[in-house]
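Written below as structure tokens is the structure these notes are about.
There are 2 protein chains.
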Amino acid sequence: MATTNDPETSADPHTGDDTDPRLRVVLAELVTNASRLTRLASSIAGGDRPRPWLRALSLLEEYGGLRISEIARLDSSSQPTATALVKQLVDAGLVRRQRDPDDSRAVVVEMTESGHHWLAAARDDIGASLAERMRDLDAERIARLSRSLHDLREFLKDPRTSG
Amino acid sequence: MATTNDPETSADPHTGDDTDPRLRVVLAELVTNASRLTRLASSIAGGDRPRPWLRALSLLEEYGGLRISEIARLDSSSQPTATALVKQLVDAGLVRRQRDPDDSRAVVVEMTESGHHWLAAARDDIGASLAERMRDLDAERIARLSRSLHDLREFLKDPRTSG
DNA sequence: TTTACATACATAGTTTACCTATGCAATAAT
DNA sequence: ATTATTGCATAGGTAAACTATGTATGTAAA
Chain A
1 MATTNDPETS ADPHTGDDTD PRLRVVLAEL VTNASRLTRL ASSIAGGDRP
51 RPWLRALSLL EEYGGLRISE IARLDSSSQP TATALVKQLV DAGLVRRQRD
101 PDDSRAVVVE MTESGHHWLA AARDDIGASL AERMRDLDAE RIARLSRSLH
151 DLREFLKDPR TSG
Chain B
1 MATTNDPETS ADPHTGDDTD PRLRVVLAEL VTNASRLTRL ASSIAGGDRP
51 RPWLRALSLL EEYGGLRISE IARLDSSSQP TATALVKQLV DAGLVRRQRD
101 PDDSRAVVVE MTESGHHWLA AARDDIGASL AERMRDLDAE RIARLSRSLH
151 DLREFLKDPR TSG
């Protein structure tokens, strides 16, 4: 056990033991609740749309053209996973691959019109399924909650440039 | 296209088209943000703990003893998935199976002491990993956010009995 | 400029987490 | 008693992820 360390000198960045214990607890609860909500929502509104497609297309919509390795990094997945995912999207006609003129090793992935339509339809479906079960909720409250989650993710991505 | 329907008579419960369009949009955004936060957090704090174990043990801690089919339902998974999951947890010594005295077809699954320890340690690790990157956040704000997500899930589970 | 290393992506092979379909035993309903 | 239903187990399959590695291109050092 390390609980007998001198509190004055125990700021070891590896263990994080100098953080607020209350914060540790509520952060663990937060991810539990976010994860459960996500799982329940996707069981209700999932349809048969591949969730990796939604993630990748959302990123491409947000950032424009992306390299394979950038997709992997932004999606917290490995490069081979991103390669396979892009292949599926190309086969489905939702994205297009182009060589980077400045670096012929690289590939730039862009959404097609069909990809934009697919993503919009997916979001409509998800929103409609959920709204049907939650029609009494206040949209502005949900919007605020959504923004909080967004901000928290930005902070988690890089604590220095946000928050 | 169904966009030319008479708005007065288009309250078809199958399509949900009578719900607030703004609500549909923000709900779709909410699940996107919750899902992305979950994914990022688990890539940071995931460790190598099986996520299904965390889900199942959290349910058992919350509800006490549960049947296989109850675990499946509460976890939004199929019964065979729950059977396999419980088998893994039994093999790891984290839960114990007992026959239901009132119904000898049924199985009641309960956490062992080891299971409680495992879950507590997992949460400590997750909380510590996240708190290390987010040490400047206000714990009470996170707690409120966490509660909102919890309440929203309760509402989504059964819109009539919560809100 | 040849050699060496780094980067970007592709491919192979494996594991994990699910699913559906089905079988079997116990209970409930007629 | 027969039939239907319920609770779980098993079989078999798919999708999404990983690591390890190969190949081609770009970069830097000798």
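Chains as they are written, first to last, in the UniProt record's numbering: chain A, 1 to 163; chain B, 1 to 163.
A virtual CB, placed ideally from N, CA and C, is assigned to each residue, including glycine.
As the structure is a computational prediction, the values presented were derived from the model and not from experiment.
Under the 7 Å criterion on CB atoms, Pro159(A) is classed as interfacial with respect to chain B.
Non-local beta-carbon contacts of Ser114(B) in its own chain, meaning distances under 7 Å to residues more than five positions away in sequence, involve Gly93, Leu94 in chain order.
The beta carbons of Thr32(B) and Thr38(A) sit no closer together than 7 Å.
Annotation: Cβ neighbours of Met134(A) in chain B (cutoff 9 Å, chain order): Thr19, Leu23, Leu27, Leu152, Phe155, Leu156, Pro159. Under the Cβ criterion of 7 Å, Thr81(B) is not counted among the residues facing chain A. Contact annotation, Val109(A) with Asp100(A): C-beta distance approximately 10 Å; criterion of less than 8 Å not satisfied. As the crow flies, the alpha-carbon of Arg135(B) is around 12 Å from that of Leu152(A). By the neighbour-count criterion, in which 16 or more other beta carbons inside 10 Å mark a residue as buried, Ala121(B) falls on the exposed side. Residue burial is scored here from C-beta neighbours: Arg141(A) has fewer than 16 other C-beta atoms within 10 angstroms and is therefore classed as exposed. Counting of Cβ neighbours within 10 angstroms places Ala82(B) among the buried residues, the total reaching 16 or more. Looking at Asp125(B), Trp118(B), Pro21(B), the one whose alpha-carbon comes closest to that of Leu60(B) is Trp118(B). Chain B has no Cβ within less than 7 Å of the Cβ of Gly115(A).
Chain-order list of chain A residues neighbouring Thr38(B): Val31, Ala34, Ser35, Thr38, by C-beta distance under 7 Å. For Arg36(B), the secondary structure class from DSSP, reduced to helix, strand or coil, is helix. Counting every other CB atom within 10 Å of its CB across the protein chains shown gives Arg24(B) a total of 16 or more, marking it as buried. The closest CA to that of Trp53(A), considering only Arg97(A), Tyr63(A), Leu85(A), is found on Leu85(A).
Straight-line measurement puts the Cα of Gln98(A) at about 31 Å from the Cα of Gly47(A). Taking 9 Å as the Cβ-Cβ cut-off, the stretch 85 to 97 of chain B has no residue approaching chain A.
For Ala120(A), not one C-beta of chain B is nearer than 7 Å to its own C-beta. By the Cβ-count criterion, Gly127(B) is buried, with 16 or more other Cβ atoms from all chains shown falling within 10 Å of its own Cβ. Less than 7 Å separates the beta-carbon of Leu30(B) from that of Ser146(A).
Here Ala45(B) is not near Leu137(B), since their CB atoms are 7 Å or more apart.
No residue range can be given for Arg49(B), since it is assigned to no beta strand (DSSP E) and is classified by DSSP as neither H nor E. At least one beta carbon of chain A lies nearer than 7 Å to the beta carbon of Ala139(B). Close to Arg123(B), with beta-carbon spacing below 7 Å, are these residues of chain A in chain order: Ala28. For Asp125(B), the enclosing alpha helix (DSSP H) has its first and last residue at 113 to 133. What Ser104(A) touches in chain B, judged by beta-carbon distance under 7 Å, is nothing: the nearest beta carbon there is about 31 Å away. For the set Ser148(A), Ala143(A), Ala139(A), the Cα lying nearest the Cα of Ala143(B) is the one of Ser148(A). Around the beta carbon of Glu62(B), fewer than 16 other beta carbons lie within 10 angstroms, which makes this residue exposed.
For the options Arg67(A), Arg55(A), Ala41(A), the alpha carbon positioned closest to that of Asp102(A) is the one of Arg67(A).
Of all residues in the stretch 61 to 74 of chain B, none has a C-beta nearer than 8 Å to a C-beta of chain A.
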